[in-house]
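Asks: Please see the structure below; I have some questions.
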Amino acid sequence: MNQTIDKVKKDLSHLEIITDPNQITKLSLDYYHFSPILHKQLQDKRGDIVIRPTTEEEVIQVAQTCVKYKVPITVRGAGTGNYGQCIPLEGGVILDMTKMNQILWLEQGVACVEPGVKMAAFDKLAKQTGWELRMAPSTYRSATIGGFIGGGSVGMGSITYGQLRDRGNLQALRVVTLEDEPCLIELRGDEVQKVNHAYGTNGIITQLEIPLAPAYPWAEIIVIFDDFMQAARFGQGLGESDGIVKKLITVHATSICRYLHQLKDYLPENKHAALVMVSEYDLEAFRDLVHEYNGKISYFKTAEEASHRTSLLEYTWNHTTLHARSIDPSITYLQTFYFTLDKVEHFYDHFGDEVMIHLEFIKFQGKVIPAGLQLFHFTTEERVNEIIRYHEEKGAGIANPHTYLLEGGGRKTIDSPQLNFKKEVDPYSLMNPGKMMIQNNV
Ligand SMILES: Cc1cc2nc3c(=O)[nH]c(=O)nc-3n(C[C@H](O)[C@H](O)[C@H](O)COP(=O)(O)OP(=O)(O)OC[C@H]3O[C@@H](n4cnc5c(N)ncnc54)[C@H](O)[C@@H]3O)c2cc1C
Numbered sequence: 005m006n007q008t009i010d011k012v013k014k015d016l017s018h019l020e021i022i023t024d025p026n027q028i029t030k031l032s033l034d035y036y037h038f039s040p041i042l043h044k045q046l047q048d049k050r051g052d053i054v055i056r057p058t059t060e061e062e063v064i065q066v067a068q069t070c071v072k073y074k075v076p077i078t079v080r081g082a083g084t085g086n087y088g089q090c091i092p093l094e095g096g097v098i099l100d101m102t103k104m105n106q107i108l109w110l111e112q113g114v115a116c117v118e119p120g121v122k123m124a125a126f127d128k129l130a131k132q133t134g135w136e137l138r139m140a141p142s143t144y145r146s147a148t149i150g151g152f153i154g155g156g157s158v159g160m161g162s163i164t165y166g167q168l169r170d171r172g173n174l175q176a177l178r179v180v181t182l183e184d185e186p187c188l189i190e191l192r193g194d195e196v197q198k199v200n201h202a203y204g205t206n207g208i209i210t211q212l213e214i215p216l217a218p219a220y221p222w223a224e225i226i227v228i229f230d231d232f233m234q235a236a237r238f239g240q241g242l243g244e245s246d247g248i249v250k251k252l253i254t255v256h257a258t259s260i261c262r263y264l265h266q267l268k269d270y271l272p273e274n275k276h277a278a279l280v281m282v283s284e285y286d287l288e289a290f291r292d293l294v295h296e297y298n299g300k301i302s303y304f305k306t307a308e309e310a311s312h313r314t315s316l317l318e319y320t321w322n323h324t325t326l327h328a329r330s331i332d333p334s335i336t337y338l339q340t341f342y343f344t345l346d347k348v349e350h351f352y353d354h355f356g357d358e359v360m361i362h363l364e365f366i367k368f369q370g371k372v373i374p375a376g377l378q379l380f381h382f383t384t385e386e387r388v389n390e391i392i393r394y395h396e397e398k399g400a401g402i403a404n405p406h407t408y409l410l411e412g413g414g415r416k417t418i419d420s421p422q423l424n425f426k427k428e429v430d431p432y433s434l435m436n437p438g439k440m441m442i443q444n445n446v
C-alpha cells in the first residue's frame, strides 16, 4: 500500500495532505469508544493519509486518483459519529470535508450548503432571517451538516419533524461518484434516500439542499417529578399538546440525573426530570401542563439567557452518555424505539437499576412516541445481546449502537435501488469498504 499511497500523494500534491501520524490517528477515529465492543474491533484502524479538499473540483480529483490506484476512501465531517462510521477499516485516504464549508444560498424555508458547514454556525446565520435547522443532534456545536446526513438520524426538532429519513427532511444533494471517470450526480426528492444515512458508502456529498423551520425563541426548562412514569407521561402529554410549540422533550430517570453534575442544583436526589425546549410564546399553556402532571419547574432560562450558557441540549440525546462515561467509563448505552409508555414501564420494572432509562420523545409516522438512549454498565458482550434480544422480543425496536455495519444499526435493510446505486457510483467498492453487511456477504 505504501507505494500506492506515494503515487496518490504525488498526483494530488497541490492539495492539503496530512501525513503526520498523530493527526492521522485523530482524524481516523470518532466516538466509537462509547461501545466497548466497537472499541475492541476498531481501536487500531487508521487511514494512510488525510486529504482536505476545498472545492467540488478538488473532490473530483481525489476521487479520480483513488479510482486510478484502487485506494479506499473514507469521508469524514467532524468525526462525532458513535458507531465508527468514519473509521477506515482498510486504510487508504481519509477525506476530511470540513473545509468545504460555504453556505451557497439561504432563502425563505430552504438553504443550499456545502457538507462541511457546522450546524450551530449555520443556525446563527439562518436565525437572522427568521429560520433555523429543522433538526440537529446534541453535537450541534461541532457536527457538520454533511456528517449528520451521512451518519445521523434524529435530534432536537425530531418531536416536530420526525427523523432525518422522513420524506421532505432533505430536499436534494449532489454527490461525486467513484467511477473510472468520476462525475457529479444530483439527487432530488425520494432519490436522496440512496445517500441519506449511508455512512459515506454511496458517493461523496458535495452539496445539500435542506428545508428549514421557522425560528422561535426557545425557553430551556427542567421540570422535576417524584415518580418516573409520571415524568414519562408528562413527556408524552407535552409531545401531544399540539398548541405548545416545542423542540426537545427529554426524560431522565433519577439514576441518570446523578451523572449530570453540572445540573445538580436543579436535579434534587430521588427526583426524575424532564428537560425541555419550549417556545416562549407558549409558556402560559406550558405551566398549566406542568401543573396538571404535578411537576415542579426547577430550572428556567429564557432564550436570551440560555444563549449565554451551555444549552440543556448538551444534557440530552447522546450527550447524556458522554457525561455518564466521563464519571464512569464502564457505562455504555442502547438506542431504542419503545413506541408506547406501556413498554417503557415494562422495561423500567423489568431491568430496575441495571438499565437506566433516558427517554427522548419524537414524532414517528405522525405519532408522538418515546424513544430511549438507556445506560447500563458493560459486563460482557453476551449480556449486551441478551438485553437487546429481550427488548426486541417484547416489541421494542433497537438501533444497535454496538455494530459498525450499516444494516445492523438503525437502517436494518438496504433495498435494491440503494444497492444498484452503490454498484453504479462505486463499482470498485472503494467507499468506506467493510461497512455494508450485504457487501461483506454477512
Ligand atoms: C456526545 C454525542 C452526542 C450525539 N448526539 C446525536 C444526536 O442527538 N442525534 C444523532 O443523530 N446523532 C448524534 N450523535 C452522532 C453524531 O454526532 C451526529 O450524527 C453528527 O451529526 C455527525 O456529524 P459529523 O460531522 O461528526 O459526521 P462524521 O462522524 O464525520 O460522519 C458521519 C458519517 O457520515 C459520513 N460522511 C460525512 N461527510 C460526508 C460526505 N460529505 N459525503 C458522504 N458521507 C459523509 C461519514 O463517512 C460517516 O459515515 C452524537 C454523538 C456523540 C458523540
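Those letters in the sequence shown? Residues 5 to 446, per our numbering, in order.
Don't be surprised by glycine CBs; every beta carbon is placed ideally from N, CA and C.
Please name the residue, chosen from Tyr36, Ile28, Gly207, Ala328, that lies closest to aspartate 430 on a Cα-to-Cα basis.
Replies: Residue 430 sits at position 426 when you count from the first residue of the sequence shown. When each option's Cα is compared against that of aspartate 430, the closest is Gly207.
Asks: Checking contacts by CB at 7 Å: is valine 114 closer than that to chain C?
Replies: Checking the listed chains, one finds no chain C in this structure; it contains a single protein chain.
Asks: Once the 5 residues before and after serine 142 are set aside, which same chain residues still bring their CB inside 8 Å of it?
Replies: Along the sequence shown, read from residue 1 onward, the residue named residue 142 stands at position 138. Cβ within range, chain order: Gly159, Met160, Leu317, Glu318, Thr320, Trp321, Asn322, His323.
Asks: Shortest alpha-carbon distance to alanine 277 belongs to which of Pro437, Gly299, Phe368, Phe290?
Replies: Here the question's residue 277 lines up with position 273 in the sequence shown. When each option's Cα is compared against that of alanine 277, the closest is Gly299.
Asks: Need the endpoints of the alpha helix (DSSP H) that isoleucine 64 sits in, please.
Replies: In the sequence shown, counting from the first residue as 1, residue 64 sits at position 60. Start and end: 60-73.
Asks: Residues bridged to isoleucine 208 by DSSP?
Replies: To locate residue 208, count along the sequence shown from 1; it is residue 204. DSSP, once it has assigned bridges, lists Val180 as partnering isoleucine 208.
Asks: Phenylalanine 351 lies in the alpha helix (DSSP H); which residues open and close that run?
Replies: Translated into positions along the sequence shown, residue 351 becomes position 347. That run of the alpha helix (DSSP H) goes 345-355.
Asks: By how many angstroms is the C-alpha of asparagine 404 removed from the C-alpha of threonine 384?
Replies: Within the sequence shown, the letter at position 380 stands for residue 384. Within the sequence shown, the letter at position 400 stands for residue 404. Their backbone Cα atoms lie some 15 Å apart in a straight line.
Asks: Can you look up isoleucine 41 in the DSSP assignment and give me helix, strand or coil?
Replies: Position 37 of the sequence shown, counted from the first residue, corresponds to residue 41. Residue state, collapsed to three classes: helix.
Asks: May I have the straight-line CA-CA distance separating tyrosine 297 from arginine 171, to the nearest angstrom?
Replies: Reading the sequence shown from its first residue, position 293 is the one you call residue 297. Reading the sequence shown from its first residue, position 167 is the one you call residue 171. Roughly 34 Å separates the two Cα atoms.
Asks: So phenylalanine 229 and tyrosine 352 are in contact, right, with Cβ under 8 Å, and what is the actual spacing, rounded?
Replies: In the sequence shown, residue 229 corresponds to position 225, counting from 1. In the sequence shown, residue 352 corresponds to position 348, counting from 1. Contact flag wrong, Cβ pair sits at about 13 Å.
Asks: Do tyrosine 342 and glycine 376 have their CB atoms nearer than 7 Å?
Replies: One-based indexing of the sequence shown puts residue 342 at position 338. One-based indexing of the sequence shown puts residue 376 at position 372. Contact check for tyrosine 342 against glycine 376 passes: the beta carbons are separated by less than 7 Å.
Asks: Determine whether the beta carbon atoms of arginine 192 and alanine 176 lie at a separation below 7 Å.
Replies: In the sequence shown, the residue the question calls residue 192 occupies position 188. In the sequence shown, the residue the question calls residue 176 occupies position 172. Cβ atoms of arginine 192 and alanine 176: closer than 7 Å.
Asks: Checking 7 Å against the spacing of the C-beta atoms, do isoleucine 366 and isoleucine 163 come in under that value?
Replies: Locating residue 366 in the sequence shown gives position 362, counting from the first residue. Locating residue 163 in the sequence shown gives position 159, counting from the first residue. Cβ distance < 7 Å, so isoleucine 366 and isoleucine 163 count as in contact.
Asks: When you compare only the Cα positions, how much space is there between aspartate 100 and threonine 69?
Replies: Numbered from its first residue, the sequence shown carries residue 100 at position 96. Numbered from its first residue, the sequence shown carries residue 69 at position 65. C-alpha separation (whole angstroms): 16 Å.
Asks: Return the first residue and the last residue of the alpha helix (DSSP H) that cysteine 116 is part of.
Replies: As a position in the sequence shown, residue 116 is number 112, starting the count at 1. Element bounds for cysteine 116: not the alpha helix (DSSP H) but the beta strand (DSSP E), 114-117.
Asks: Whole angstroms are fine: how far does the CA of leucine 423 sit from the CA of glycine 95?
Replies: As a first step, residue 95 must be located in the sequence shown, where it is residue number 91. As a first step, residue 423 must be located in the sequence shown, where it is residue number 419. Straight-line Cα distance between these residues: approximately 23 Å.
Asks: Enumerate, from N- to C-terminal direction, the unbroken beta strand (DSSP E) stretches of 3 or more residues contained entirely within the region 222-291.
Replies: The qualifying runs are 222-229, 250-256, 276-283.
Asks: In the DSSP assignment, what are the bridge partners of methionine 360?
Replies: Position 356 of the sequence shown, counted from the first residue, corresponds to residue 360. Answer is Leu379.
Asks: Cβ of isoleucine 248 within 7 Å of Cβ of aspartate 292?
Replies: Stepping through the sequence shown from its first residue, residue 248 is reached at position 244. Stepping through the sequence shown from its first residue, residue 292 is reached at position 288. Their beta carbons are not under 7 Å apart, which means isoleucine 248 does not touch aspartate 292 by this criterion.
Asks: Going straight from the alpha carbon of threonine 306 to that of histidine 265, what length do you get?
Replies: As a first step, residue 306 must be located in the sequence shown, where it is residue number 302. As a first step, residue 265 must be located in the sequence shown, where it is residue number 261. Taking the straight line from one Cα to the other gives about 22 Å.
Asks: In angstroms with no decimal places, state the Cα-to-Cα distance between leucine 16 and valine 71.
Replies: Start at 1 with the first residue of the sequence shown, and residue 16 comes out as number 12. Start at 1 with the first residue of the sequence shown, and residue 71 comes out as number 67. The alpha-carbon separation between leucine 16 and valine 71 amounts to approximately 13 Å.
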